[in-house]
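Undergrad:
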Amino acid sequence: MNIRTRLTILFVLLVGSILLLFSGSVYYLYDQFRRQEFEQRLEEKAVTTVRLREDVGKVPQADLPVMPNEQVTIYNDRGEVLYDQGRQRHRQPVSPALLEQIASQKSSLFFQQGNLEIVGVRYCTPRGESLVSVVSAYDRYGFSKLARLRDILLFGWLLCLIIVGIAGYWFSTDALRPVAELITQVNAISATTIHERLRVGRQRDELADLARTFNALLSRLEEAFVSQKSFVSHASHELRTPLTVMLGQIEVTRLQSRSPAEYETALDALLDEVKGMIRLVNSLLELARVNAGAAPLSYQPVRIDELLWQAQSQVMHKMPTYVIDIDFETLPDQEEDMIVSGEESLLQTAFQNLMENGCKYSPDGRVGVRMAFEPGWVQLTISDRGPGIPSTDLPHIFEPFYRSASAMPIKGHGIGLALTDRIIALHRGHIAVESVPGQGTVFRVTLPTRNHQTARLPALDALTHQAPVIGSGAGVS
Ligand code: ADP
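Positions in the sequence shown are counted from 1; adding 1001 to them yields my numbering.
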């Protein structure tokens, strides 16, 4: 059942029930009023008749109003009929018990038999005799007015139901029209038209909120979609370039027969390219792993100083000419303050990337790593005296495949910092960069220690002095 039908039915049921309650109350109250009025008339008739009979000796019929099916009977205290007048062929039988009950009443007694309403009244004569006057009649006019009222109320109720049904349907159609419009607009959006947005209109209602929320979702999806597309095209490009180089080398080498030394040189060049490709593919795989959360990460307690030494030896093993100075600014009182909860291999990849970049981009191939401890946090500062990063490039260096124009002559794929940023964010840490072109670059990594997972991030201005700070804040709580 759609919402429109459900709303209409609910509306009809609600208004119908209220009207039914109202009509029922009107009918009941009118019936009570009729009964009281008729009871009063019967009582008056009973008293007048018995009084006339006692005072005047007879009951002048012509002077008294007669009710339909009227029957007046007067009994003495022995239950004998003293007076009986009426058009009823058979008088309503009044049992001695009932007579006794009427005689014991201070006021009158009202009861019903079939469609006849009966009132019994006790009357004491000046002689001290106790008489009972019983009057029964049928309230023809009262009942016919009641039946008329019932018909009017029933007809009015049915008419109202129809009107409310039509109005409810119109109302719900009108209320749901913007929803139908939203559905049409949403249906028109596909992968090729993901840049389109829903019209919010000028309303400030919940549907406008929904449209705005949906537009925000579309923006996020579009961003992810576009970056996914550019990621694929960048990755293909990065893989095609070395393949093209390798193809060219192989073709040139095969043009004529070469000496063993020339073959060896060609093979070395090919080997370099293949190693580069393997590094790129490994980085891409790692990025995919940390990005999509494809494999669950296994967090273990990791000593950050040991990790730094390992990263240093790995980088220097690959590039023995690099110089990495590790310096402990302060040492924590307890070993616990040096332990972070994380995945060792990922954190090592992140530190290696930062160390390698520092060495790779500095003409002296030197990078300094400083480690400081604050309650609940470990701070690493990786600084070099390289060419620095232009301020226009700073906001983009953490994007996959982004490389500064000035970095082009140096080998690289633009994956390292994107991966590092994601790894630090996964460990609920923070990475920031400051760079002054011509003077050098400083990367600051802040990671929460294992025993202070909920500690607040130390004030960032304490970490940043010179240049705008760009980096991940994701996951920091
Ligand atoms: P890659 O080094 O492979 O190009 P990265 O993601 O590690 O990729 O770095 C992205 C870009 O950031 C680099 O191309 C370079 O322009 C800039 N960059 C990173 N680290 C440094 C640094 N220490 N000094 C100067 N530029 C840097």
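Each residue gets a CB set at the ideal place from its N, CA and C atoms; glycine is no exception.
1. How is residue 1138 classed by DSSP in three states: helix, strand or coil?
2. Relative to the C-alpha of residue 1069, which residue among 1039, 1344, 1252 and 1316 is closest?
3. Taking the beta carbon of residue 1401 as the centre, do at least 16 other beta carbons fall within 10 Å, making it buried, or is it exposed?
4. Am I right that residue 1351 and residue 1424 are in contact with their C-beta atoms under 8 Å? What's the rounded C-beta distance?
5. May I ask whether a heavy atom of ligand 1 can be found less than 7 Å away from the beta carbon of residue 1394?
6. DSSP has residue 1335 in a bridge; who is on the other side?
7. Within 10 angstroms of the Cβ of residue 1044, are there 16 or more other Cβ atoms? Answer buried if so, exposed if not.
8. The beta strand (DSSP E) with residue 1123 in it runs from where to where?
9. To which residues of the same chain is residue 1386 closer than 6 Å at the C-beta, ignoring the five residues directly before and after it?
10. Comparing alpha-carbon positions, which option in 1309, 1146, 1153 and 1211 lies nearest residue 1187?
11. Apart from the five residues just before and just after residue 1143, which ones in its own chain have a Cβ nearer than 6 Å to its Cβ?
12. Express the C-alpha separation of residue 1325 and residue 1345 in angstroms, rounding to a whole number.
13. From residue 1008 to residue 1024, what does the alpha carbon distance come to, in whole angstroms?
14. Nearest CA to the CA of residue 1323: which residue from 1337, 1081 and 1356?
15. Spatial neighbours of residue 1456 within its chain, please: C-beta separation below 7 Å, excluding the five flanking residues on both sides.
16. In the DSSP output, what is residue 1433 paired with across the bridge?
17. For residue 1231, which beta-bridge partners are listed by DSSP?
18. Assuming residue 1199 contacts residue 1288 (C-beta within less than 8 Å), just tell me the rounded distance between them.
19. Taking Cβ to Cβ, would you say residue 1371 is nearer than 8 Å to residue 1334?
20. Please state whether the Cβ-Cβ distance between residue 1343 and residue 1414 is less than 8 Å.
21. Based on the DSSP output, what are the partners of residue 1341 in its beta bridges?
22. Are the C-beta atoms of residue 1386 and some chain C residue less than 8 Å apart?
23. Does any heavy atom of ligand 1 sit closer than 7 Å to the C-beta of residue 1238?
TA: On the basis of the supplied data:
1. As a first step, residue 1138 must be located in the sequence shown, where it is residue number 137. DSSP places residue 1138 in strand when its eight states are reduced to three.
2. Your numbering for residue 1069 matches position 68 in the sequence shown. It is 1039 whose Cα lies nearest to the Cα of residue 1069.
3. Residue mapping note: residue 1401 aligns to position 400 of the sequence shown, counting from 1. Answer is buried; the Cβ neighbour count reaches 16.
4. The residue you call residue 1351 lines up with position 350 of the sequence shown. The residue you call residue 1424 lines up with position 423 of the sequence shown. With a Cβ gap of about 4 Å, residue 1351 and residue 1424 count as contacting.
5. Residue 1394 sits at position 393 when you count from the first residue of the sequence shown. For ligand 1, at least one heavy atom lies less than 7 Å from the Cβ of residue 1394.
6. Within the sequence shown, residue 1335 is the residue found at index 334, counting from 1. Residue 1335 pairs with nothing; no bridge assigned.
7. Indexing the sequence shown from 1 puts residue 1044 at position 43. Residue 1044 is buried by the Cβ-count criterion.
8. Mapped onto the sequence shown, residue 1123 falls at position 122. First-last of the beta strand (DSSP E) with residue 1123: 1117-1125.
9. As a position in the sequence shown, residue 1386 is number 385, starting the count at 1. The residues are 1363 and 1441.
10. In the sequence shown, the residue the question calls residue 1187 occupies position 186. For the residues 1309, 1146, 1153 and 1211, the minimum Cα distance to residue 1187 belongs to 1211.
11. Translated into positions along the sequence shown, residue 1143 becomes position 142. Same-chain partners within the cutoff: 1035 and 1039.
12. Sequence index remark: in the sequence shown, residue 1345 carries index 344 (1-based). Sequence index remark: in the sequence shown, residue 1325 carries index 324 (1-based). One C-alpha to the other measures close to 20 Å.
13. Looking up residue 1008 in the sequence shown gives position 7. Looking up residue 1024 in the sequence shown gives position 23. Rounded to whole angstroms, residue 1008 to residue 1024 spans 24 Å at the Cα level.
14. In the sequence shown, residue 1323 corresponds to position 322, counting from 1. Out of 1337, 1081 and 1356, 1356 has the C-alpha closest to the C-alpha of residue 1323.
15. Counting from 1 along the sequence shown, the entry for residue 1456 is found at position 455. Caution is warranted here: a pLDDT of 48 is assigned to residue 1456, below 50, making its placement in the model unreliable, and no coordinate value can be reported.
16. Numbered from its first residue, the sequence shown carries residue 1433 at position 432. According to DSSP, which records beta bridges pairwise, residue 1433 is partnered with 1445.
17. As a position in the sequence shown, residue 1231 is number 230, starting the count at 1. DSSP output for residue 1231 lists no bridge partner at all.
18. Within the sequence shown, numbered from 1, the residue matching residue 1199 stands at position 198. Within the sequence shown, numbered from 1, the residue matching residue 1288 stands at position 287. Actually they are not in contact, since the Cβ atoms of residue 1199 and residue 1288 sit about 33 Å apart, beyond 8 Å.
19. Walking along the sequence shown from the start, residue 1371 turns up at place 370. Walking along the sequence shown from the start, residue 1334 turns up at place 333. The answer is no: Cβ separation not under 8 Å.
20. Position 342 of the sequence shown, counting from 1, holds the residue named residue 1343. Position 413 of the sequence shown, counting from 1, holds the residue named residue 1414. No; because the gap between Cβ atoms is not below 8 Å, this pair is not in contact.
21. Position 340 of the sequence shown, counted from the start, is the residue given in the question as residue 1341. The partner list for residue 1341 (beta bridge, DSSP) reads 1303 and 1450.
22. Absent from the structure: chain C. Only one protein chain is present.
23. In the sequence shown, the residue the question calls residue 1238 occupies position 237. No - ligand 1 has no heavy atom lying nearer than 7 Å to the Cβ of residue 1238.
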